[in-house]
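Protein chains in written order, with the working numbering: chain P, 1027 to 1349; chain G, 1027 to 1349.
Below you'll find the structure, written out as structure tokens, and then a few comments.
Number of protein chains: 2
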Amino acid sequence: MRAMQTDEHGGLRLRTDMPTPEPGVGQVRVRVRATAVNRADLMQRAGSYPAPADAPADILGLEYAGEVDALGSCVKEVAVGQRVFGLVGGGSYAEYVVVPERALSPMPEGMSFEDAAALPEAFLTAYDAMVSQGGLAAGMCVLVHAAASGVGTAAVQIARAIGAQVIATARTEEKLAQVKALGADHVICVQDASFAERVLAVRPAGVDVVLELVGGNYVSEDLRALAPLGRIVLVGLVGGRAAEIDLGLVLKKRARVMGTVLRARPLEEKIAIHQVLKRQLVPLFERGLLVPVIDQVLELADADAAHQRMKQNLGTGKLVLRV
Amino acid sequence: MRAMQTDEHGGLRLRTDMPTPEPGVGQVRVRVRATAVNRADLMQRAGSYPAPADAPADILGLEYAGEVDALGSCVKEVAVGQRVFGLVGGGSYAEYVVVPERALSPMPEGMSFEDAAALPEAFLTAYDAMVSQGGLAAGMCVLVHAAASGVGTAAVQIARAIGAQVIATARTEEKLAQVKALGADHVICVQDASFAERVLAVRPAGVDVVLELVGGNYVSEDLRALAPLGRIVLVGLVGGRAAEIDLGLVLKKRARVMGTVLRARPLEEKIAIHQVLKRQLVPLFERGLLVPVIDQVLELADADAAHQRMKQNLGTGKLVLRV
């Protein structure tokens, strides 16, 4: 099959002779029509985030949209030709992926493959972190950092769709205008990791949940901006690994700081995540309450150009690769 | 009534003319027979931890055991003369306290007032932090710091009683011998806040829960000693407020750092806490699976001496004051 292969020096090469995977018991093979770029792809390419044991070591890609192409034995719920999408531990920069039939979702009715490929990582990461783990619900307030990113734009929309108030931060006014158009109630331009006072000016009681996509010195500001019993859900660390925390605030506010990653989860959790995609998110897309946010659609052959664009943090939303 | 009053300079004076509180709707008055010392008392006396609005500003004391002395209107479940114990927001260094009838518990059968007064703060703090919030359950492993303290000795016993493995730390071999006698599976003598490697030598997969009674630079070591999905429940900060955290570990381990305090909780949570005392803990005391750990019993008039002893961290278990 065709696939974009990484080499040990971080190079990318489009191959046409990679072995096509075969579905096993309870698994299906999907003809990938589109995939999308994640920051984890850049880290994996740079050698700092190896693929898990159940994914190809040399093909990037964490999400896909496509058609079911072949069934393994004992598959009950999925048919050949069905349009499906979801997450994989790796390997979706390729013509085919093999996934367990329980760990996929039918695509929203009438959606294109390019749009569908932009959804799984961004919307599942946002929903899982902010709602399933952070406990965000109607009437509460969430602070979303890096709100113009793939996960950020998803989070703003989800929060709005479930009746929560959204305060969003980004680094440029241009990005904030786009985030505001997606439904953020308040936007804050952050240049120097200082935002707590501006958040508290908007929401004096503090925010209930922080979706933390930056990390580093943002976390101590998050704690200051947090309401009693608030949760900081840590999803990304582009701002650095080291944080100085005031434990006195953690104690006094009965705050929670929680880290989360989707990729390393065991099968039972991946199945649960895809049930969220199918039951919670697909209906919201079909009702138009959520929309994919796409920066650019490129060809798989242009994966490197897409990676360079992500590194520069220029766009708003996802970079999709057509396969 | 008699009560030990604090003045604005941190002094303590035994008064005999303090106004006796009257029970309101749904409240009962308890003739306190014993109370106990908490680190919060020392902080309040030093002016750094004011009493909550619903507690007397000038009488210390967070727990009591005694007899119901008078009933307010609409009290249904409690009778005069009943032996009860529990937590208050303050004011138990006194002959009488008034509490809501839902926020108390009958004492364990056959237990003395001195023993009962040693239980509420220590065992409820430990149970709530370690089990209710930290999710400790049978088969898991908990790391208990300051294990010879009131909360520590309670935590070791509770963990053992519910089928969890216990690794306990303290600063002296003498304290560790007492902790071991209470049921700790492994003990570690900690002088310099370095313990993660020794914990991992005992439990290579890491610990599921840390009961963090020290804070400060212990927290970064906790993170290293933690299993994937592990929880660090922060209860005390005698080691300091500032912590440097490796957010990369929080993310990779999907760890949770959570702060908790009992005293500042609203009524509905205080009621829930006393239901835990009544339903979860009293039966374990009556079956002998948990025992009070008492350092010394003194008279209320000797409260200052008890405080000096606590400051020196000499004893194992609780300092009880007879009223």
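Beta carbons: idealized from backbone N, C-alpha and C, even for Gly.
Interface partners of residue i on chain P, CB under 8 Å
i	result
V1157 of chain G	Correct list: empty, because the minimum Cβ distance to chain P is about 16 Å.
R1282 of chain G	R1282, V1283, M1284 and G1285
Coarse secondary structure for residue i, derived from DSSP in three states
i	result
R1065 of chain P	helix
S1131 of chain G	strand
P1254 of chain G	strand
L1202 of chain P	helix
Q1053 of chain G	strand
E1048 of chain P	coil
G1285 of chain G	strand
V1125 of chain P	strand
V1104 of chain P	coil
A1081 of chain G	coil
A1072 of chain P	coil
F1221 of chain P	coil
T1342 of chain G	coil
M1207 of chain P	Checking the sequence, you will find Ala at residue 1207 of chain P rather than Met. DSSP places A1207 of chain P in helix when its eight states are reduced to three.
K1279 of chain P	coil
A1142 of chain P	helix
S1246 of chain P	helix
A1148 of chain G	helix
S1366 of chain G	Because chain G spans 1027 through 1349 in this model, residue 1366 of chain G falls outside it and cannot be assessed.
L1162 of chain P	coil
9 Å Cβ cut-off: residues of chain G touching residue i
i	result
E1270 of chain P	A1268, A1269, E1270 and I1271
L1068 of chain P	Within chain G, no residue comes near L1068 of chain P; the closest Cβ sits about 16 Å away, beyond 9 Å.
Strand pairing of residue i, partner residues [DSSP]
i	result
H1035 of chain G	H1035 of chain G is not bridged to any residue.
D1272 of chain P	G:A1268
C1167 of chain P	P:Q1191
L1347 of chain G	G:T1061 and G:L1324
E1238 of chain P	P:L1260
M1137 of chain P	None, per the DSSP bridge assignment.
C1094 of chain G	For the record, residue 1094 of chain G in the displayed sequence is Val; it is not Cys. V1094 of chain G is bridged to G:V1056.
E1089 of chain G	G:L1113
M1027 of chain G	M1027 of chain G pairs with nothing; no bridge assigned.
V1213 of chain P	P:A1194
L1040 of chain G	G:M1030
A1120 of chain G	G:A1029
V1233 of chain G	G:L1252
Contact set between residue i and chain P, taken where Cβ atoms lie within less than 7 Å
i	result
L1263 of chain G	L1273, G1274 and L1277
L1260 of chain G	L1273, V1276 and L1277
Proximal chain P residues relative to residue i, where beta-carbon distance stays under 9 Å
i	result
G1116 of chain G	Chain P residues near G1116 of chain G: none, gap ~17 Å exceeds 9 Å.
Contacts of residue i in chain G (Cβ-Cβ under 7 Å)
i	result
V1245 of chain P	L1273
G1241 of chain P	L1273
Return the chain-ordered ranges of every alpha helix (DSSP H) run that is complete within the stretch 1290-1338 of chain P and spans a minimum of 4 residues. Counting whole runs of 4 or more residues, the stretch 1290-1338 of chain P contains the alpha helix (DSSP H) stretches 1293-1302, 1308-1312 and 1329-1337.
Within the chosen definition, does the stretch 1037-1052 of chain P reach the stretch 1090-1100 of chain P through at least 3 CB pairs nearer than 8 Å? Yes, since at least three Cβ pairs between the stretch 1037-1052 of chain P and the stretch 1090-1100 of chain P fall closer than 8 Å, the two stretches touch.
Three Cβ pairs or more, each shorter than 8 Å: is that satisfied between the stretch 1311-1319 of chain G and the stretch 1078-1093 of chain G? Because the criterion of three Cβ pairs below 8 Å is not met, the stretch 1311-1319 of chain G and the stretch 1078-1093 of chain G do not touch.
Does the stretch 1114-1128 of chain P touch the stretch 1268-1280 of chain P, meaning 3 or more C-beta pairs lie closer than 8 Å? With a cut-off of 8 Å, the stretch 1114-1128 of chain P and the stretch 1268-1280 of chain P do not count as touching, because too few Cβ pairs lie within range.
Check whether the stretch 1104-1111 of chain P touches the stretch 1063-1077 of chain P, taking contact to mean three or more Cβ pairs, one atom from each stretch, closer than 8 Å. No, the stretch 1104-1111 of chain P is not in contact with the stretch 1063-1077 of chain P.
Three or more C-beta pairs under 8 Å: does that hold for the stretch 1227-1234 of chain P against the stretch 1159-1170 of chain P? Yes, the stretch 1227-1234 of chain P is in contact with the stretch 1159-1170 of chain P.
The stretch 1136-1147 of chain G in contact with the stretch 1211-1218 of chain G per 3-pair CB rule at 8 Å: As far as the Cβ criterion goes, the stretch 1136-1147 of chain G does not touch the stretch 1211-1218 of chain G, which means the pair count is below three.
Is the stretch 1271-1291 of chain P close to the stretch 1276-1284 of chain G, with three or more CB pairs under 8 Å? With the cut-off at 8 Å, the stretch 1271-1291 of chain P and the stretch 1276-1284 of chain G touch.
Answer yes if the stretch 1329-1346 of chain P comes into contact with the stretch 1057-1070 of chain P, meaning at least three C-beta pairs across the two stretches below 8 Å, and no otherwise. Counting C-beta pairs closer than 8 Å gives three or more between the stretch 1057-1070 of chain P and the stretch 1329-1346 of chain P, which meets the contact rule.
Is the stretch 1028-1041 of chain G touching the stretch 1142-1159 of chain P, taking contact as three or more C-beta pairs under 8 Å? Contact annotation: the stretch 1028-1041 of chain G does not touch the stretch 1142-1159 of chain P, with fewer than three C-beta pairs closer than 8 Å.
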